Each structure stands twice: as C-alpha cells, then as structure tokens.
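Contents: one structure, followed by commentary.
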Ligand code: DHB
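Here is the structure:
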C-alpha cells in the first residue's frame, strides 16, 4: 500500500534512486531495478555523446553525515547507451529516462529520438545540473525554461517531467510554477543539489574537490529543509495533474514521511544511496512503515500533502 501513480504508470514502492547515483552503467541500473524496495529507476542524465566528466576528486562526503558535495560534470555513457538499455530491459517497473543536453538543441534532438523510439517509460528533462563549467542552470533562467518547454511540447507526446534546481524566494516559487502550469507536464522533480557550495578540508585549508576550484552541488542532510520547502511550495502552486517527486536530504524514514507530508508522490534518494548502498531502500521503507503504523495510517493518501500549519 506504499504506492503511487503518475498518469498511467503505477509504482509499487515510492522510493527510487536520484539521477546521478547508482545509475550510470547497466550493472548499477540493474541493481536499483532488482531491489525489492524500489518503485522505479532513473538513468544517469544523458548527453548525446559519451562524456568522461570532470577531473577527480569530484565527490566528497562531509563528516558526521552532514551531506555531500559533487562536481561530477555529467560523466555518462551517452544517449544511445541508455536507449539501448531501456529498449532491451524487460521490467514491470517504470523507468525514468533522464536527459541533460548542454544546449537547448541537444535536448530537443534527444526528445525527438525518445518520441520516435519504442521507449514507453517517463522522461525527465534535467534543467538543473550545476557542474558543467560555463553552462548555467536553465532552471534559473525562467525565459529559457519556458522556451525549451514550448519547443518540446510542440511535438513531444510522451510523459515528460522536469528536474528543477532549488528556489529560495517566494517570488521565484510563484514565477516558476506559473510557467510550469502552462504545460502538460507529468511531474516535476524537486530538488537537484544546491549548486555551487564550497567545502574546506580543515587540516589542509584546501577545497575538497578539484573541478571549478572546489565549487560543487551540495546534497544530503544539509539540503533537507530547502528540499521540503520546494516540494511544499510547488505542491501549493502546481496543477494537481502535475505530480511531484521529492528529492533532497533523505537519510531516514522520517525524511521520506516529511517529503510526503509536503506533497511528494515519489521520493528519491541521492547522497544516502551513495553512502549506504542499495540496502538503504529496505531500511527507509521499513522506517516509514513503522511511522505510519504508529500514527494509525493505512495509506499514503492519509499523509500526502497533509502538512499542518499553525
Ligand atoms: C551532474 C550533477 C547534477 O546535479 C546533475 O543534475 C546532472 C549532472 C554531474 O555533475 O554529473
């Protein structure tokens, strides 16, 4: 009964990986699909051609489980690799095919390929990668966001959603929601990492990752409050037929519960999946079930969006 639906896609569990974690190779994707406790898998954001990504070190875990910083730089096997993977895969679990072109044209080209392919999953257009030098996040450019969605929905008929960066101002929640509501989006996924944080190694006084002089996307516990605010703010503003994937700061069942309270339909795990591995899904689902049982709830529908204000 821990289930969710997006359009005609049914999810028997609400947890899955966040794009970028455990999803670059077919072995990793298979591992997420094989878990009894995942409802779906999302593929590493693809670019048209294979990319090695940024130089290492490009991922770092802060002490005490505070979170992570990364500047991977979109290492991926290239669009065709993921297309071949999803085409050959036989699974009842929905697959999210994530794309992150380095230009509008690259994204439109990949969307045409997805439209013309037999792929029958969902598509996540990533507008929020902070880690490619010289490429600003489209999600912070409202005009560019509206433009790419206008061009995409002129031909794209499959279930499409967007991965958004975190917003920090009420006006920005209002503005992005007004744009998104103009389109027949299947879902929005909020949040990507908080972009361009900086972490310092205290013994050596140096940055902890090499790309972009140490600047990178922040994930994990540090971003939970921002993630919940974005889920809540967008659920309040978006058409009800646009579902919400809550991502950010999930390390416990309580964190999953909080995302659902704020209105999330599905919940993704990024940093904690990288830290803990595939067994994180079993632990989180069991912790969530305990909370629901203790509170006397039988279905997530009793909880979803039911955050109380005083
Ligand atoms: C990368 C990071 C992101 O947050 C994202 O959305 C896409 C790619 C990366 O650095 O690889």
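Residue numbers (our numbering): 197 to 506.
Note that beta-carbon positions come from the ideal geometry of N, C-alpha and C, so glycine has one too.
Quantities reported herein were computed from a predicted structural model and do not represent experimental measurements.
- Tell me whether residue 288 is buried or exposed, calling it buried when 16 or more other Cβ atoms sit within 10 Å of its Cβ. exposed
- Message: Between residue 284 and the ligand DHB, is there a pair consisting of the residue's CB and a ligand heavy atom that are separated by less than 7 Å?
- Response: no
- Message: With a threshold of 6 Å on Cβ separation, who are the neighbours of residue 262 within its own chain once the five nearest residues in sequence on each side are excluded?
- Response: 417 and 418
- Message: I want to check one thing, is the minimum distance from the CB of residue 325 to the heavy atoms of the ligand DHB below 7 Å?
- Response: yes
- Query: In chain order, what residues of the same chain have a beta carbon less than 6 Å from the beta carbon of residue 340, not counting five sequence neighbours either side?
  - Reply: 334
- Message: Just verifying my parser: in three-state terms, what is the DSSP assignment at residue 211?
- Response: strand
- Item | Residues near residue 358 in its chain [Cβ-Cβ closer than 6 Å; skip 5 each side] | 321, 323 and 384
- Is residue 507 near the ligand DHB, with its Cβ less than 7 Å from a heavy atom? Residue 507 is absent from the model: the chain starts at 197 and stops at 506.
- Three-state secondary structure assigned by DSSP to residue 239: coil
- Length at least 4, wholly inside the stretch 261-288: the alpha helix (DSSP H) runs in chain order: 275-284
- Could you tell me whether any non-hydrogen atom of the ligand DHB is closer than 7 Å to the CB of residue 270? yes
- Message: Considering just the uninterrupted stretch of the beta strand (DSSP E) at residue 392, what are its terminal residues?
- Response: 390-394
- DSSP bridge partner residues for residue 375 (one or two, in chain order): Residue 375 pairs with nothing; no bridge assigned.
- Message: Contact between the stretch 401-408 and the stretch 371-387 is defined here as three or more beta-carbon pairs at a separation below 8 Å; is this criterion met?
- Response: no
- Ordered along the chain, which non-local residues of its own chain (more than five positions away) have a Cβ less than 6 Å from that of residue 228? 213, 218, 234 and 237
- Item | Check: residue 280 C-beta below 7 Å from any heavy atom of the ligand DHB | no
- Taking 7 Å as the cut-off, is the CB of residue 266 close to at least one heavy atom of the ligand DHB? yes
- Message: Just list the residues that DSSP pairs residue 205 with in beta bridges.
- Response: 202
- Item | Same chain only: Cβ atoms within 6 Å of residue 396, ignoring 5 sequence neighbours per side | none
- Three-way DSSP call (helix, strand, coil) for residue 354 in this model: coil
- Message: Taking 8 Å as the limit between beta carbons, can you name the residues of its chain near residue 478, skipping five residues before and five after?
- Response: 231, 232 and 233
- Relative to the alpha-carbon of residue 481, which residue among 211, 204, 206 and 207 has its alpha-carbon at the smallest distance? 211
- Going by the beta-carbon positions, is the gap between residue 296 and residue 325 smaller than 8 Å? yes
- Message: Tell me the residue span of the alpha helix (DSSP H) that contains residue 364.
- Response: Segment: none, residue 364 is in no alpha helix (DSSP H) and carries neither H nor E.
- Do residue 215 and the ligand DHB come close, with the Cβ less than 7 Å from some heavy atom? yes
- Kindly indicate which three-state DSSP category residue 475 falls into: helix, strand or coil? coil
- Query: At a cut-off of 7 Å, is residue 259 close to the ligand DHB when judged by its beta-carbon and the heavy atoms of the ligand?
  - Reply: no
- Query: Looking at the unbroken alpha helix (DSSP H) that takes in residue 228, where does it start and where does it end?
  - Reply: 222-230
- Return the Cβ separation of residue 428 and residue 466 in integer angstroms, given the expectation that the two are a contact with Cβ distance under 8 Å. Rounded, the Cβ-Cβ distance is 19 Å, inconsistent with contact.
- Query: At what residues does the alpha helix (DSSP H) containing residue 449 begin and finish?
  - Reply: 449-457
- So, are the CB atoms of residue 215 and residue 462 less than 8 Å apart? no
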